[in-house]
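Asks: To convert, note that position 18 of the sequence shown is 18 in my numbering; the numbers rise steadily by one, no gaps.
We put the CB at the ideal spot given by N, CA and C, even for glycine.
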Amino acid sequence: MLLSRKYNFLFVHIAKTGGTSVRAALEGLRWRDPAYLPQFICSKLSHLSGHRIGAKL
């Protein structure tokens with residue numbers, strides 16, 4: 001799932017719909033979004049701890 005508040009989009013990848021191509025095209029935009037870094041850090045911490053961590057932005 002890709003979320004960008006700066007560009008106002010939420011992309012949810014659904015299998016067999018060409019989502020990999022769309023995700024590749026949008027991938028560069030998410031690093032320019034200032035809200036992405038906290039989401040990225042929480043995602044990595046969630047994997048390390050085994051628990052889900054939410055970030056309120």
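Which residues in the same chain as LEU10 place their Cβ atom closer than 6 Å to its Cβ, once the five residues preceding and following it in sequence are excluded?
Replies: LEU3
Asks: Measuring CA to CA, which of TYR7, ILE41 and MET1 is closest to THR20?
Replies: MET1
Asks: Thinking C-alpha only, which one of GLY18, GLY28 and ILE41 is nearest TYR7?
Replies: GLY28
Asks: Taking just the CA atoms, how far does ALA24 sit from LEU45?
Replies: 24 Å
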